[in-house]
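Everything below concerns the one structure shown next.
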Amino acid sequence: MITDTAPGPARGRLARFARLARPAGPLAAAAAGRLRGGDLGALPVVAALAVIAAVFGTLNGRFLSAENLTNLALQMAATGTIALGVVIVLLLGEIDLSVGSVSGLCAVVMTVLNVRHGVPAGLAVLLALGAAVLVGLLHGLMFTMLAMPSFVVTLSGLIGWQGLLLYLLGHEGTVNLPFDGPIARLSDTWLPAWLSWLAVAALAAAALAAALVTRRLRARADLPVPPLGWALARAGALAAVLAAVVAVLNGDRGVPLTLVIFGSLVVLLDLALRGTAAGRWIYAVGGSAEAARRAGISVTRIRILGFAAASLLAGAGASSPPAGSPPSTRARAAATSC
Amino acid sequence: MTAPGGGPAGGTSGTSGPSGTGGGTSGTGGKAGAPPVLSVRGIKKRYGGVQALDGVNLEVSAGEVVALVGDNGAGKSTLVKVVSGVTVPDAGEIAFGGRPVRVARPHDAQALGISTVHQDLALCENLDVVANLFLGSEKRRWGLLGHLRMERAARELLASLDVRIRDIRAPVAALSGGQRQSVAISRALLGDPRLVLLDEPTAALGVEQTAQVLDLVRRLRDRGLAVVVISHNLADVRAVSDRIAVLRLGRDAGVFRTAETSREAVVAAITGAGVTT
Ligand SMILES: Nc1ncnc2c1ncn2[C@@H]1O[C@H](COP(=O)(O)OP(=O)(O)OP(=O)(O)O)[C@@H](O)[C@H]1O
Ligand SMILES: [Mg+2]
Numbered sequence: 038m039i040t041d042t043a044p045g046p047a048r049g050r051l052a053r054f055a056r057l058a059r060p061a062g063p064l065a066a067a068a069a070g071r072l073r074g075g076d077l078g079a080l081p082v083v084a085a086l087a088v089i090a091a092v093f094g095t096l097n098g099r100f101l102s103a104e105n106l107t108n109l110a111l112q113m114a115a116t117g118t119i120a121l122g123v124v125i126v127l128l129l130g131e132i133d134l135s136v137g138s139v140s141g142l143c144a145v146v147m148t149v150l151n152v153r154h155g156v157p158a159g160l161a162v163l164l165a166l167g168a169a170v171l172v173g174l175l176h177g178l179m180f181t182m183l184a185m186p187s188f189v190v191t192l193s194g195l196i197g198w199q200g201l202l203l204y205l206l207g208h209e210g211t212v213n214l215p216f217d218g219p220i221a222r223l224s225d226t227w228l229p230a231w232l233s234w235l236a237v238a239a240l241a242a243a244a245l246a247a248a249l250v251t252r253r254l255r256a257r258a259d260l261p262v263p264p265l266g267w268a269l270a271r272a273g274a275l276a277a278v279l280a281a282v283v284a285v286l287n288g289d290r291g292v293p294l295t296l297v298i299f300g301s302l303v304v305l306l307d308l309a310l311r312g313t314a315a316g317r318w319i320y321a322v323g324g325s326a327e328a329a330r331r332a333g334i335s336v337t338r339i340r341i342l343g344f345a346a347a348s349l350l351a352g353a354g355a356s357s358p359p360a361g362s363p364p365s366t367r368a369r370a371a372a373t374s375c
Numbered sequence: 004m005t006a007p008g009g010g011p012a013g014g015t016s017g018t019s020g021p022s023g024t025g026g027g028t029s030g031t032g033g034k035a036g037a038p039p040v041l042s043v044r045g046i047k048k049r050y051g052g053v054q055a056l057d058g059v060n061l062e063v064s065a066g067e068v069v070a071l072v073g074d075n076g077a078g079k080s081t082l083v084k085v086v087s088g089v090t091v092p093d094a095g096e097i098a099f100g101g102r103p104v105r106v107a108r109p110h111d112a113q114a115l116g117i118s119t120v121h122q123d124l125a126l127c128e129n130l131d132v133v134a135n136l137f138l139g140s141e142k143r144r145w146g147l148l149g150h151l152r153m154e155r156a157a158r159e160l161l162a163s164l165d166v167r168i169r170d171i172r173a174p175v176a177a178l179s180g181g182q183r184q185s186v187a188i189s190r191a192l193l194g195d196p197r198l199v200l201l202d203e204p205t206a207a208l209g210v211e212q213t214a215q216v217l218d219l220v221r222r223l224r225d226r227g228l229a230v231v232v233i234s235h236n237l238a239d240v241r242a243v244s245d246r247i248a249v250l251r252l253g254r255d256a257g258v259f260r261t262a263e264t265s266r267e268a269v270v271a272a273i274t275g276a277g278v279t280t
């Protein structure tokens, strides 16, 4: 029988550790086992962030000020959105070096359409995102059909799209978005304090409700149920983290809308990767393309989808312009540490 | 038994006595009349300088276990890959249930009801057991994965096969070789196959698990499935199979009725002792 549910022949170091640690239940035991097995999850990233905060906080007293952290959050939204796309390609076991150029290209396409050709802002954004998808499809086709290494494809993309960007910009080398235009306003919108707190409460409640519903469904399906304390602790931790962020940001100008958009993108992408077949197949292709192929998955289609999604997200990162120049290496650093 | 006409002379002539491949053309362990579930004819496959398969024939009927044996490099796995759509042969025909079919992709084989345990298992190490079991045929509703339905079905399947895995939510990379093999075998039994191809399914298993798998093979046969088992263990082969098909250097080297054949005759066919080629 399945030893998850019964205190059956629990052998080996993992089991001993799990018993020593007195976990709250079989699922917690499994989690402890995974931790013990070297799967540290997000711990190293959290530790690195703590070190960074400590070091720079002592070097410069203003580093941890509300204003600076708000600016960091603003920059993170653009870089992070681009990094989300890189994450997808990394999950496929490939690399996309071109996201910075693609992001810049999209920003230029959008701005040129909007400013020089008078295309309405919303339509310009959509057209720019469409261009990004086309770029990604091209990368994917070159990678799959021509069997070029992704490194080569996207390195040439890095250089080539930069060239197209400069060509589109023309002699002046810059196009300025009007400060009162809808696109510029997007990056200068801040949530009122009450709305931020409401959002924190709503998110924590939603997380708790989801955990409770999952528990109920698992119990009904005769599956092992995680302990109630676990669900409460997770929702509580989420609420605490969100509350801390809101408290800091409210100390300055408030929660920027771009950060909310970025956060939503993160959650949506996470749900799509874990909750849809396409998302699972992305993991499968990255784990073993041959196994995925033998399971009847169209590896080519998944790879093209991945590159298209990466470019799309790079384009989406461009439409929150305050970060300035295309942050390609920053995005990649952010992605690899995810 | 295969190729009633000009069957591979080398195969039939070499073995003495009991094989009797020339005569009983109709005697493929299955019920008379019904066409064999799988019938492959004249399969050829070349890898660079290696002729991995050179005109191989094989027939498997419903409710029959055919063991495929042969030395290392004889072409057994290549034949399995051809039938399961993993590789495309250079020449040859495949008929399924009496009708000629094209198996160009793994998907085609799955659609026909052919499921396969490959020698190299073909699991995604980064995915958990449940995800691997359902890979490519996930239960979905409104485009969303049915996590709970899949986990429940996986637990039931593993329990029914007596597979013991502590944490089916841990990535497959954390499993032992034998556990992985159990997962790969379980995976092949999902979704009502008509033909199951097992490429060395017991290679990594302990004594008890091997006995279980052999027992499982018998149960599949009793359920009316067609089963092809590859193994180097002749004792296991003799314990479980109805017929033994021998491959040697990519060619047919005889098909034997297990019950009427001595171990020595099979070994002679495998090694080619006494055959003048
Ligand atoms: N992908 C490949 N590329 C090149 N040669 C291959 C490939 N696959 C198989 N071969 C060759 O084809 C021949 C048959 O290989 P195959 O794997 O079918 O043997 P096998 O009978 O399964 O052997 P074993 O008992 O060792 O598993 C071998 O000589 C092998 O080197
Ligand atoms: Mg083999």
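Quick mapping for you: the protein sequence lines, in order, are chains G and H.
Quick note on my numbering: the first sequence kicks off at 38 and runs consecutively.
Quick note on my numbering: the second sequence kicks off at 4 and runs consecutively.
Glycine included, every Cβ here is placed at the ideal spot set by N, Cα and C.
- Distance from the C-beta of H:His-235 to the nearest heavy atom of ligand 1 is below 8 Å.
- Exposed is the label assigned to H:Asn-75, since fewer than 16 other Cβ atoms lie within 10 Å of its Cβ.
- Within the same chain, Met-185 and Val-190 come within 7 Å of G:Met-179 by CB-CB distance, once the 5 residues on both sides are set aside.
- Around G:Ala-256, the same chain offers Val-262 as residues with beta carbons nearer than 6 Å, after the five sequence neighbours per side are excluded.
- The residue from G:Leu-240, G:Ser-138 and G:Gly-333 with its alpha-carbon nearest to that of G:Val-304 is G:Leu-240.
- With a cut-off of 8 Å on Cβ pairs, the stretch 99–108 of chain H is not in contact with the stretch 150–165 of chain H, counting fewer than three such pairs.
- In this structure, the CA atom of G:Arg-253 is about 10 Å from the CA atom of G:Ala-247.
- G:Ala-346 and H:Arg-246 have their C-alpha atoms some 52 Å from each other.
- Within the same chain, Val-43, Val-104 and Val-106 come within 6 Å of H:Ile-97 by CB-CB distance, once the 5 residues on both sides are set aside.
- For ligand 2, a non-hydrogen atom lies closer than 8 Å to the CB of H:Ser-80.
- DSSP places H:Asp-57 in the uninterrupted beta strand (DSSP E) bounded by 53–63.
- Looking from the CA of H:Asp-218, the closest CA among H:Val-91, H:Ala-242, H:Leu-200 and H:Lys-79 belongs to H:Ala-242.
- In this structure, the straight-line span from the alpha carbon of G:Leu-175 to that of G:Leu-183 is close to 11 Å.
- For H:Ala-98, the uninterrupted beta strand (DSSP E) run begins and ends at 94–99, by DSSP.
- Within chain H, Ala-125 have C-beta atoms less than 7 Å from the C-beta of G:Glu-327, given in sequence order.
- With a cut-off of 8 Å on Cβ pairs, the stretch 282–289 of chain G is not in contact with the stretch 306–314 of chain G, counting fewer than three such pairs.
- By DSSP's assignment, H:Ala-248 forms a beta bridge with H:Leu-71 and H:Val-258.
- The Cβ atoms of H:Leu-126 and H:Val-166 do not sit closer than 9 Å to each other.
- As DSSP reads the structure, H:Ala-229 sits in a beta bridge with H:Glu-67 and H:Leu-198.
- Put simply, the CB of H:Gly-95 is far from chain G, with every gap to its CB atoms at 9 Å or more.
- Check the Cα spacing between H:Leu-130 and each of H:Pro-174, H:Gln-122 and H:Glu-141: the tightest is with H:Pro-174.
- Sequence-distant Cβ neighbours of G:Ile-125 in its own chain, meaning closer than 6 Å and more than five residues away, are Gly-343, Ala-346 and Ala-347.
- Listed in chain order, the positions of the stretch 327–349 of chain G with a beta carbon within less than 9 Å of a beta carbon of chain H are Glu-327, Ala-328, Ala-329, Arg-330, Arg-331, Ala-332, Gly-333, Ile-334 and Ser-335.
- Counting only the Cα atoms, H:Glu-203 lies some 33 Å from G:Thr-313.
- For H:Ala-55, not one C-beta of chain G is nearer than 9 Å to its own C-beta.
- The C-alpha of G:Gly-291 is placed about 12 Å away from the C-alpha of G:Ala-281.
- Closer than 8 Å to some heavy atom of ligand 2: that does not describe the Cβ of H:Asp-74.
- Ligand 1 approaches H:Asp-202 closely enough that one of its heavy atoms is under 8 Å from the residue's Cβ.
- Contact between H:Lys-79 and H:Leu-250 holds, since their C-beta atoms are separated by about 6 Å, short of 8 Å.
- In summary, no residue of the stretch 258–280 of chain H has a CB separated from any CB of chain G by less than 8 Å.
- A contact is defined here as three or more CB-CB pairs under 8 Å, and the stretch 230–244 of chain H meets this definition with respect to the stretch 190–210 of chain H.
- Against chain H, a Cβ distance below 7 Å from G:Ala-321 picks out Cys-127, Leu-130 and Leu-138.
- Rounded to the nearest angstrom, the gap between the Cα atoms of H:Ala-77 and H:Val-68 is 20 Å.
- Take the alpha-carbon of H:Val-85 and the one of H:Asp-255: they are about 16 Å apart.
- For H:Val-43, the pairing in a beta bridge is given by DSSP as H:Leu-61 and H:Ile-97.
- One alpha carbon belongs to H:Ser-87, the other to H:Val-199, and they sit about 10 Å apart.
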